[in-house]
Structure formats: structure tokens, C-alpha cells
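Be aware that the sequence shown starts at 24, since it is given in the numbering used here, and climbs by one per residue. Structure first, commentary second.
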Amino acid sequence: MSKFCVFCGKPPVDKNREHIIPQWLIKYTGRGKMPMVKVLKDGELKPRISYMNFTMPACEACNEKFSALEGAVKPILLNILADKPVTAREISLLLDWFDKVRLGLRLSMVYLQNGLRQEAPHTFISQRTGLTDRMLIIEKIKPLPDVRLAFPDTDTAYFKSAAQSFQFIIDNYVFTNASAHFLVSPKLGFPHATTIQTVDAPNVMIDHWNRGKERARGPVFGNIYPAQDKIIVYQPIFKPFTDIPLYNNDYVKSHCIDYSNGLGGIFYQRGQTNEVKYLQPDETTVLKPRETTRDIKTILRGAYEVQAQMLARAPRYNTSDALFNEYNNKLMGLHAAEIRDAIAAHR
Ligand SMILES: [Zn+2]
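Dropping the structure here:
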């Protein structure tokens, strides 16, 4: 098994270790010695690795580059956990961080539980952070002393293959994060395309482009996940598509944090209303959801429901290789069955 840097995917230069869950967060939630991460041993998944020892190889330079993001996000996350205001720019950084954690978790789950396969370069953190539309569902639960730090739905085969969504419980906050091409652009009024899955997933081929509606309107992600007691944050991202002329209009330009780099602005939805609000880059808001009365089982089920929704939205394989298409579309059917079972187990 060859070593790779979790950020760039190359053999690590001046190797050091990257904590997939940052050390400050482990200390903050008092989870240091808890053996929570399951590892394949003697054909069974067993909790073996403590959070503090949950690390992956990384280059020194890559690690340093991303430690700037860690440093910037720590006070933002602490502000959210303390019900203090944050700006749209800060929320955007927080979403970069969720990309990083989600992709890092995927790589470590594959590495620890399945052994390292041949990984395509685009699956590493550097290439995938801040690349596609994203969403963050924020819920507040009654404090659960035993569950102050957890990522319950990262064991599914679909998460290990695509990592399009995951749930991250920090203290009494539940964050459900999802990211994919054009996940939220259509309902936020941005241009969007229908896509075809290529051999090189998740790099997609564009089928055809649609003009944006130039207004934001919910529900943005469907009704499967009711909005009551939640705050949902959305961000359209068109970094790979900045040369597409459809983006060149006043609506898009006035709803971006960084138009020339394809970084859309922050939109959010609060409570049961379908009203979607836009947060100007330097405007602040308090992302404080009402404490939910739902139990933990229902919260966890929500994570799998988002995974099911992401899978249902994923484009089917349609390459020139019919056998390849058949194999991969069957695999997606198996993923769907596994997620359905997980949802049923949490009823
Ligand atoms: Zn590296």
C-alpha cells in the first residue's frame, strides 16, 4: 500500500500527519481518547482508532497551506456554536472547511476500511475543495454527553465512493453538509447544466446549459428534509465554468463573493418558510436554529435521507463503454439499497 498525501495525492514530501478531525475540536469536545473510528480487522469493522490518533499522511507544504484554513475557521465555528454572528465571507470559509473534512473522512475511510485502491487525482482535498455548489443544514439538539463529536453516516459504500454528503455532530449542533455540481444553482437563480457521468467521476460532462431564473426561491433541496427547526445555508459555485457566457449578467455578479473566481454568495433559509434570503458578503447573521424536539435517531435518519437524495440526483453513467455503464449503474443500485436499509434502521 503506497502512501499518499491526503491533500495532493502524491507521495508525501517532508511527511507529516494531518488530523482529519482538527485537534482543537477534539479537545473542545473532550473526545481525545475515545476509540470511535472503525477499522477493518480480521474481516470486521471495529472501533479502534481514537480521534487523537486519527491522522493521514500529508506533505509538510500541503499541511501548512491548509492549516491557514483551519486557523481561520476555528473562531468562525466557535462563534456559531456560541450563537454569535458571522459574515457571509466567514460562512464561505466554513463551507471550504466542511469540504476539506468531508473529503478527508472519505479518504481515511477508504484507506482504513477497504485498503487503498488506485485513487484518481481529483479525489484529493486540494483538487476538490470549493469546486461545486454546496449546502449546510444546521440543527440544534438537546445536549447529549455521549455524542459530542461524531460523523455517523460515513460508513456507507456510497460515502466512501463519492462523499457527496455527510453529517457532523459537534456538541449539540448537527451539521449536514452536501456538495455537487449544480446542487443549489437552479433554485438560487444561477445558470446550471444537466450533466452526464463520465468514466472520470466526479468530473462530469455537460449535456446542455440552462439560463438562470435570476431569483432565489425555496425549497432549494426538495421536501424530503423538512425545514422546521433548521437553518440551511446554500452557496452556488461555478469555478470550473467562469468562461460560460450565461454567467455574465447583473444578477450573478451581484450575488457573488468573488465573481471572477466563480465563488457565489451565501443564501439561507430559516424555519419552515420557503423564503430564501441573500446575505451580502460582509453582512452578518446569527446561525442559531431553534432547539429541535426530534430524537437522535430521527436526526441520524436525516443524514441517510440526504445521502439518498444526493444519490438520486447523481447522473447515470452514459459512456461509450456499455459494460462499464452497466456495472456502475448496478453499483449505484446497490448503494441505494444500503442507504434504504440505513433509513429503515433509524425509524
Ligand atoms: Zn501534498
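Even glycine gets a Cβ: it sits at the ideal position worked out from N, Cα and C. Remember, it's a predicted structure, so these values are computed and weren't measured experimentally.
Within its chain, find whatever has a CB closer than 6 Å to the CB of E237; leave out the 5 residues flanking it on each side and keep chain order.
Numbered from its first residue, the sequence shown carries residue 237 at position 214. Excluding sequence neighbours, E237 sits near G212 and Y274.
Enumerate in chain order the residues of its own chain whose CB-to-CB distance from H369 is below 8 Å, with the five nearest sequence positions on each side excluded.
Position 346 of the sequence shown, counted from the first residue, corresponds to residue 369. Only K320, T321, L323, R324 and Y327 meet the Cβ criterion.
Would you list the one or two residues that DSSP bridges to E162?
Translated into positions along the sequence shown, residue 162 becomes position 139. Partner(s): V197 and K253.
In whole angstroms, what is the alpha-carbon distance linking V29 and T78?
Sequence index remark: in the sequence shown, residue 29 carries index 6 (1-based). Sequence index remark: in the sequence shown, residue 78 carries index 55 (1-based). In a straight line, the C-alpha of V29 is about 10 Å away from that of T78.
Cβ of F182 within 8 Å of Cβ of F191?
Taking the sequence shown and counting its residues from 1, one reaches residue 182 at position 159. Taking the sequence shown and counting its residues from 1, one reaches residue 191 at position 168. Not closer than 8 Å, so no.
Buried or exposed for P214, going by 16 or more other Cβ atoms inside 10 Å?
Position 191 of the sequence shown holds residue 214. When all chains shown are included, P214 counts as buried.
Taking M420 as part of the beta strand (DSSP E), name the residues at either end of that continuous run.
An answer regarding residue 420 cannot be provided, because it is not within the stretch 24 to 370 covered by the chain.
Among the candidates A173, L135 and D119, whose CA atom is the shortest distance from the CA of Q150?
As a first step, residue 150 is located in the sequence shown; it is residue number 127 there, counting from the start. Checking every option, the nearest Cα to that of Q150 belongs to D119.
Could you check whether I160 and T52 sit closer than 8 Å to each other, using their CB atoms as the reference points?
Sequence index remark: in the sequence shown, residue 52 carries index 29 (1-based). Sequence index remark: in the sequence shown, residue 160 carries index 137 (1-based). No, the Cβ-Cβ distance between T52 and I160 is not below 8 Å.
Please return the same chain residues whose Cβ sits closer than 7 Å to the Cβ of L100, not counting the five positions on each side in sequence.
On the sequence shown, residue 100 is found 77 positions in, with the first residue counted as 1. Cβ neighbours of L100 beyond the five flanking positions: L117.
I believe T371 touches S202 by the beta-carbon criterion, under 8 Å. Please report the beta-carbon distance rounded to the nearest angstrom.
Lying before the first or after the last residue shown, residue 371 is absent from the chain, which here runs from 24 to 370.
So Y291 packs on Y257, CB below 8 Å; how close in whole Å?
Stepping through the sequence shown from its first residue, residue 291 is reached at position 268. Stepping through the sequence shown from its first residue, residue 257 is reached at position 234. Correct: roughly 7 Å between the Cβ atoms.
Considering Cα atoms alone, identify which of V309, G241, Y301 and A216 is closest to P263.
Translated into the one-based positions of the sequence shown, residue 263 becomes position 240. Comparing Cα-Cα distances from P263 to each of V309, G241, Y301 and A216, the minimum goes to A216.
From which residue to which residue does the beta strand (DSSP E) around N39 run?
Within the sequence shown, numbered from 1, the residue matching residue 39 stands at position 16. From DSSP, the beta strand (DSSP E) with N39 extends over N39 to H42.
Using DSSP's beta-bridge definition, name the partner residues of L286.
Here residue 286 is taken as the residue at index 263 of the sequence shown, counted from 1. I260 and D281, per the DSSP bridge assignment.
What residue range does the alpha helix (DSSP H) around Y181 cover?
If you number the sequence shown from 1, residue 181 lands on position 158. Segment A180 to A185, the alpha helix (DSSP H) holding Y181.
When every heavy atom of ligand 1 is checked, does at least one fall within less than 7 Å of the C-beta of C31?
As a position in the sequence shown, residue 31 is number 8, starting the count at 1. Indeed, a heavy atom of ligand 1 lies less than 7 Å from the Cβ.
Per DSSP, Y291 forms a beta bridge with which residues?
Within the sequence shown, numbered from 1, the residue matching residue 291 stands at position 268. DSSP, once it has assigned bridges, lists V256 and K300 as partnering Y291.
Leaving out five residues on either side along the sequence, give the residues of the same chain with a beta carbon under 7 Å from the beta carbon of T276.
Counted from its first residue, the sequence shown places residue 276 at position 253. Looking at the sequence provided, one finds Lys at residue 276 rather than Thr. Within the same chain, K276 has close Cβ partners Y282.
Based on the DSSP output, what are the partners of E314 in its beta bridges?
To locate residue 314, count along the sequence shown from 1; it is residue 291. According to DSSP, which records beta bridges pairwise, E314 is partnered with K163.
For L172, write down the residues that DSSP places opposite it in a beta bridge.
Residue mapping note: residue 172 aligns to position 149 of the sequence shown, counting from 1. Paired residues: I193.
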